[in-house]
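Colleague:
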Amino acid sequence: MLRQGCVGLIFLLLWGGRSLFASPQDTSQMAAAPRVFIDCSSCDMDYVRQQVPYVNYVRDRFDAQVHVLITSQRTGSGGTEYTLVFLGREAFAGRNDTLRIAVTSTATEEEVRSALVRTLKIGLVPYVARTPVRDMISVQYVPQASTEQVTDRWKNWVFRLSLNAFGNGEKSSRALNLYGTFSASRVTPIWKIRMSLHGTYTENRFEYGDTRIFSYTRGRGFDALVVRSLGEHWSAGVRAGYSSSTYSNLAKQVYLSPALEFDIFPYSQSTHRELTIRYGIRAEQVRYLEETIFDRTSEQPWSHSLAITLTFKQPWGSTETTLRTSQYWHDLSKNRAELWNALNVRLFGGFNLYIVGSFSRIHDQLSLPKRGATKEEVLLQRRQLATNYSYFASVGISYTFGSIYSNVVNPRFGSESQGVQIIIQ
Numbered sequence: 403m404l405r406q407g408c409v410g411l412i413f414l415l416l417w418g419g420r421s422l423f424a425s426p427q428d429t430s431q432m433a434a435a436p437r438v439f440i441d442c443s444s445c446d447m448d449y450v451r452q453q454v455p456y457v458n459y460v461r462d463r464f465d466a467q468v469h470v471l472i473t474s475q476r477t478g479s480g481g482t483e484y485t486l487v488f489l490g491r492e493a494f495a496g497r498n499d500t501l502r503i504a505v506t507s508t509a510t511e512e513e514v515r516s517a518l519v520r521t522l523k524i525g526l527v528p529y530v531a532r533t534p535v536r537d538m539i540s541v542q543y544v545p546q547a548s549t550e551q552v553t554d555r556w557k558n559w560v561f562r563l564s565l566n567a568f569g570n571g572e573k574s575s576r577a578l579n580l581y582g583t584f585s586a587s588r589v590t591p592i593w594k595i596r597m598s599l600h601g602t603y604t605e606n607r608f609e610y611g612d613t614r615i616f617s618y619t620r621g622r623g624f625d626a627l628v629v630r631s632l633g634e635h636w637s638a639g640v641r642a643g644y645s646s647s648t649y650s651n652l653a654k655q656v657y658l659s660p661a662l663e664f665d666i667f668p669y670s671q672s673t674h675r676e677l678t679i680r681y682g683i684r685a686e687q688v689r690y691l692e693e694t695i696f697d698r699t700s701e702q703p704w705s706h707s708l709a710i711t712l713t714f715k716q717p718w719g720s721t722e723t724t725l726r727t728s729q730y731w732h733d734l735s736k737n738r739a740e741l742w743n744a745l746n747v748r749l750f751g752g753f754n755l756y757i758v759g760s761f762s763r764i765h766d767q768l769s770l771p772k773r774g775a776t777k778e779e780v781l782l783q784r785r786q787l788a789t790n791y792s793y794f795a796s797v798g799i800s801y802t803f804g805s806i807y808s809n810v811v812n813p814r815f816g817s818e819s820q821g822v823q824i825i826i827q
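Read in order, the letters of the sequence shown correspond to residues 403 to 827 in the working numbering.
1. Looking only at its own chain, which residues have a Cβ that is under 7 Å from the Cβ of E740, when we skip the five neighbours before and after it?
2. Which residue spans inside the stretch 654–730 form an unbroken beta strand (DSSP E) run of at least 3?
3. In the structure shown, what three-state DSSP assignment does I524 receive?
4. Given that a residue counts as buried once 16 or more other Cβ atoms are within 10 Å of its Cβ, and exposed if not, what is A466?
5. Starting from E781, trace the alpha helix (DSSP H) both ways and give me its first and last residue.
6. For a test of the three-state rule: what should DSSP assign to R532, helix, strand or coil?
7. Taking the beta carbon of L632 as the centre, do at least 16 other beta carbons fall within 10 Å, making it buried, or is it exposed?
8. Identify which residue in T482, H706, T694, T802 has its Cα closest to the Cα of T506.
9. Which class does D612 belong to by DSSP, given the choice of helix, strand or coil?
10. How would you call S443, buried or exposed, if buried means at least 16 neighbouring beta carbons within 10 angstroms?
11. For S769, count neighbouring C-beta atoms within 10 Å of its own C-beta (all shown protein chains included) and say buried if the count is 16 or more, exposed if not.
12. Tell me L486's beta-bridge partners as DSSP assigns them.
13. What does DSSP give as the partner residue(s) for D625 in the beta ladder?
14. Find the nearest neighbour of H799 within the set R784, Q786, G751, judged by alpha-carbon distance.
15. Terminal residues of the continuous alpha helix (DSSP H) containing V450?
16. Need the endpoints of the beta strand (DSSP E) that I764 sits in, please.
17. Which residues share a DSSP beta bridge with E742?
18. Applying the 10 Å Cβ sphere with the 16-neighbour rule, what's the burial state of Y459?
19. Kindly indicate the opening and closing residues of the beta strand (DSSP E) around G582.
20. Using a 10 Å radius around the Cβ and a threshold of 16 neighbouring Cβ atoms, would you call N651 buried or exposed?
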């Protein structure tokens, strides 16, 4: 009897719920509201639906009349600049617009999403105004009390201090990770200056019967970058730094690396597309903790590198591919080639493809210690190991189907994805 009652309750919730929780927005006006697809992986969509209820949200760009593509990039002060691109389709074909808004690095999640929604509302006005929904909308102007000239006493300099600690353990093992960094940056349309000082410490302890294992790594370093703009397509820069690492067998490494970069597309289009070619020369002075497999305790190698990066952020998805090669001058056989790619494509209605991976051909491990590595160092990854290649890969697909609309917000039992998804990875 109890079993029959449970079955009946489930049936009532699944099927009778259609009428119990029917959306009140099924009016003639809302039926004519623009169908909007918000293309943003980090946006709080429940909040967007609540604050902008006068459009119909769809879950696929192919069903939309307005495609809103939202991208972001870091600002010189450590904040974020969001770019909202409005792309009209069907009845709104050819009606496109781009709006930008910047938020500070100290902005809270509420301040960020409020700024995004405010900009989204402004961008949707031209589309809503051409539907019966315009009769449900009002425009409000809130004047500011006064406008003052802002004086930046920091002259665009931004400083950041970060300290992190993590630990866990149980009866027979424990781990500790410490990390700290201090950075300073100044970014203007002409200059980019970034400096950082960092240190790390990691240790592990294990007990297995009468055997006790203790292992640690530590590292510290300083990095600096200065870049000068040479127009919409060219820039010149120099990197310099210092580092030491027990993992890499480095007691001291000091380097200086000037470089020149060319972007085939104007830098002003970087939120949507980039194709950069960067060539650099690097001079090093290195002292090793232990004698290397090449019988060296110190050396001053020179090298050069070439990096090509292609990035697209478009309505069909996004992709970023980087090919980087480097070579030591004293021995041309000591070289490295790396290919990295991230791809997220909407192939057709509801079907997405994700691919992330990299592959490296490695022939430049100058710092490998001559004595090799102990079993503990290998298992705990405390030493760099000899290899002539490395790779990683991740592939996934998702397919969403069902109702094209996603207007309703219901936070009960937490947020879950709309419709049905099949993910294979």
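Don't be surprised by glycine CBs; every beta carbon is placed ideally from N, CA and C.
Modeller: Judging by the given coordinates:
1. So the qualifying residues of the chain are R726, S760, S762.
2. Runs found: 675–690, 704–716, 719–730.
3. Helix.
4. Burial of A466 is indicated by the presence of at least 16 other C-beta atoms within 10 angstroms of its C-beta.
5. The amino acid occupying residue 781 in the given sequence is Leu; Glu does not appear at that position. 777–781 is the extent of the alpha helix (DSSP H) around L781.
6. Here R532 sits in coil by DSSP.
7. By the 10 Å Cβ count, L632 comes out exposed.
8. Checking every option, the nearest Cα to that of T506 belongs to T482.
9. D612 falls in the coil class under three-state DSSP.
10. By the neighbour-count rule (16 or more Cβ atoms within 10 Å), S443 is not buried but exposed.
11. With 16 or more other Cβ atoms within 10 Å, it is buried.
12. I472, L501.
13. Paired residues: S598, G643.
14. The amino acid occupying residue 799 in the given sequence is Ile; His does not appear at that position. The candidate whose alpha carbon is nearest that of I799 is G751.
15. 447–453 is the extent of the alpha helix (DSSP H) around V450.
16. Start and end: 753–764.
17. The question names Glu, but residue 742 in the sequence shown is Trp. Under DSSP, W742 shares a beta bridge with T724, S760.
18. Answer is buried; the Cβ neighbour count reaches 16.
19. For G582, the uninterrupted beta strand (DSSP E) segment begins and ends at 575–589.
20. With 16 or more Cβ atoms within 10 Å of its Cβ, N651 is classed as buried.
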